Amino acid sequence: MSTRATGWNMPTQRPLGGPRPGARVGRVARIVARAAGGAAPASSPRGGGGVGDERGRRDAGPSDPAPSYAAIDGNPVNALFFRVFRNKLEERVGFRSDVEGYDGLIEVIRVLNSKSTEEVQRLSRLVLLSLFPSWLPPAFRKIFAGPLPDLSYAMNAWVTSLACEWLMGPTELNEVEVEEDSGTRTVPGVLVKRCRYLEEAGCASACVNSCKMPTQEFFKQDMGLNVTLEPNYEDFSCQFVFGKEAPPAEEDVACETRCFKQCSFPRAGRLEGRCPTVAGPAEGE
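Position 254 (the sequence shown) corresponds to 254 in UniProt numbering; numbering is contiguous.
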C-alpha cells in the first residue's frame, strides 16, 4: 500500500534559542554509561563532519533553525500533559533528569535508548498505556473500534492532533489516500509538520523504537485500531495514517536509514532487532 496526503502548508519558522541536539553529549554519555553499568565514551561525534561522515552517516532534517515552541510550552494544558508524560517515562526508565523542560525529557530518552530495541519498544508502549485508566482501552475496543471503526479513526485523529502538540510540535488534520488491492480509499490523518521529538533527539533509532513502533502497537493491540506513522527524515515531518495497517519492520521504509550525522544517542548507527535493514555500524564498533 502507498499513501498520498493532501492539503497542508509548512509553518513559518523562527529561530529557537538554547542548545541544539547533542549540546549535553558529554554529560549524557556519562549518565547513559552509569545506567548501563559501563564506562562513558571520551567523545561522541555530532554535526556534519569528522568521524560521522567516515561512518557513512546521512544528512537529515531541515537546514533552517527550529521554530519557537514558547506558545505551545506556555499553554497550561500542554504543560500538564508534559509533566504527566515525563513522570510516567522517568518511572519506567528508572532515571530522573535534573534538567528542566524538553531538554530534560530528551536526557531521559537518551538513557532509554541505551537499552535493547525490544526493551525500548516495550517500555515506550507501557508509558502510553499508563496515560489512560486501565479500563479505557478495552472499553474503547469493544464500544467503538469494533462496531464503529470509521468513527474511531476520525476520533483518534482529532484527539492526536489536539493533545500531542506539546510533544511533536504543530500538527494538522488531513486526509490521506491509501492505495489497496481493491482500489484507493481516503482515511483520516494527522500531519506533524516538523516533529520536535525527532529534531531534538536527532536519532532515527529513537524515532522508530520509542515512538513509531510502540505507538503503532499501542493502537493496534490496545485500542483495536490500525495506524501507520510515516516519518520523513528529510524535513522531519511525520504523517499519521489512521486505518492503514502498519507494515512489518523489515518492509518499513522508515527502518531503511543510516544513522543521522547529528546523532549522539547510544547505539547510534543502527536500528537493531525489528529494524534489521538499516545500514551502518553501531557506536564503538
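Ideal placement from N, C-alpha and C gives every residue a C-beta, glycine not left out. Keep in mind that this is a model prediction, so the values were computed, not measured.
Spatial distance of residue i from residue j (CA atoms)
{"i": "GLY61", "j": "PHE236", "result": "5 Å"}
{"i": "ARG185", "j": "GLU177", "result": "6 Å"}
{"i": "ASP181", "j": "TRP166", "result": "37 Å"}
{"i": "GLU119", "j": "ASN174", "result": "33 Å"}
{"i": "LYS193", "j": "GLN239", "result": "8 Å"}
{"i": "VAL111", "j": "GLY202", "result": "14 Å"}
{"i": "SER63", "j": "PHE95", "result": "32 Å"}
{"i": "ILE106", "j": "TYR69", "result": "15 Å"}
{"i": "PRO138", "j": "MET223", "result": "7 Å"}
{"i": "GLY169", "j": "LEU229", "result": "15 Å"}
{"i": "GLN221", "j": "GLY146", "result": "13 Å"}
{"i": "VAL241", "j": "VAL187", "result": "7 Å"}
{"i": "GLU200", "j": "VAL99", "result": "15 Å"}
{"i": "ALA249", "j": "THR117", "result": "12 Å"}
{"i": "residue 288", "j": "VAL77", "result": "Lying before the first or after the last residue shown, residue 288 is absent from the chain, which here runs from 1 to 285."}
{"i": "LYS244", "j": "GLN216", "result": "10 Å"}
{"i": "GLY52", "j": "CYS207", "result": "Only weak support exists for where GLY52 lies, its pLDDT of 40 falling under 50; the value from the coordinates is given anyway. About 19 Å."}
{"i": "LYS142", "j": "LEU148", "result": "10 Å"}
{"i": "ASP150", "j": "GLU251", "result": "26 Å"}
{"i": "ALA212", "j": "PRO65", "result": "The displayed chain sequence assigns Lys, not Ala, to residue 212. Cα-Cα distance, rounded: 24 Å."}
{"i": "GLY101", "j": "GLY183", "result": "46 Å"}
{"i": "ILE72", "j": "SER97", "result": "22 Å"}
Residue i in three-state terms, based on DSSP
{"i": "GLU180", "result": "strand"}
{"i": "THR215", "result": "helix"}
{"i": "PRO45", "result": "Because PRO45 carries a pLDDT of 28, less than 50, the predicted location of this residue cannot be relied on, and the following value inherits that uncertainty. PRO45 falls in the coil class under three-state DSSP."}
{"i": "PRO149", "result": "helix"}
{"i": "ALA163", "result": "helix"}
{"i": "ASN174", "result": "strand"}
{"i": "GLY224", "result": "coil"}
{"i": "ARG185", "result": "strand"}
{"i": "PHE265", "result": "coil"}
{"i": "VAL77", "result": "helix"}
{"i": "PHE85", "result": "helix"}
{"i": "LEU16", "result": "Below a pLDDT of 50, predicted positions are generally treated as unreliable, and LEU16, at 34, falls in that range; the measurement from the model is reported next regardless. Looking at LEU16 - three-state DSSP - the assignment turns out to be coil, as it is neither helix nor strand."}
{"i": "PHE144", "result": "helix"}
{"i": "LEU271", "result": "At LEU271 the pLDDT is 44, less than 50, meaning the model places this residue with poor confidence and gives no usable figure here."}
{"i": "ARG258", "result": "coil"}
{"i": "ARG96", "result": "coil"}
{"i": "MET168", "result": "helix"}
{"i": "ALA23", "result": "With a pLDDT of only 43 at ALA23, under 50, the local geometry of the prediction cannot be trusted, and the value read off the model is given with reservation. DSSP places ALA23 in coil when its eight states are reduced to three."}
Where the beta strand (DSSP E) containing residue i begins and where it ends
{"i": "GLU251", "result": "Unbroken run through GLU251: none, as it is neither H nor E."}
{"i": "PHE240", "result": "238–242"}
{"i": "residue 288", "result": "Since the first residue shown for the chain is 1 and the last is 285, residue 288 is missing from the structure and cannot be characterised."}
{"i": "LEU229", "result": "227–231"}
For residue j and residue i, believed in contact at Cβ under 8 Å, the rounded distance
{"i": "PHE85", "j": "LEU131", "result": "7 Å"}
{"i": "GLY189", "j": "ALA157", "result": "6 Å"}
{"i": "ALA246", "j": "ASN226", "result": "7 Å"}
{"i": "ASN113", "j": "SER210", "result": "7 Å"}
{"i": "LYS261", "j": "ARG57", "result": "4 Å"}
{"i": "CYS164", "j": "ALA204", "result": "The pair is not a contact, with the Cβ atoms about 20 Å apart (cut-off 8 Å)."}
{"i": "SER161", "j": "GLU172", "result": "7 Å"}
Contact with chain D by residue i, beta-carbon distance below 7 Å
{"i": "LEU167", "result": "The chain labelled as chain D is not found in the depicted structure, where only one protein chain is given."}
Check: residue i C-beta below 6 Å from any heavy atom of the ligand PLP
{"i": "GLN216", "result": "The ligand PLP is absent from the structure shown, which contains no ligand whatsoever."}
Limits of the alpha helix (DSSP H) - the one that residue i falls within
{"i": "ASP103", "result": "101–112"}
{"i": "VAL73", "result": "Residue 73 is actually Asp in this sequence, not Val. That run of the alpha helix (DSSP H) goes 70–74."}
{"i": "SER205", "result": "204–207"}
{"i": "residue 321", "result": "Since the first and last residues shown for the chain are 1 and 285, residue 321 lies out of range."}
{"i": "ALA201", "result": "196–201"}
Cβ contact (3+ pairs, closer than 8 Å) linking the stretch 84–95 and the stretch 126–142: yes
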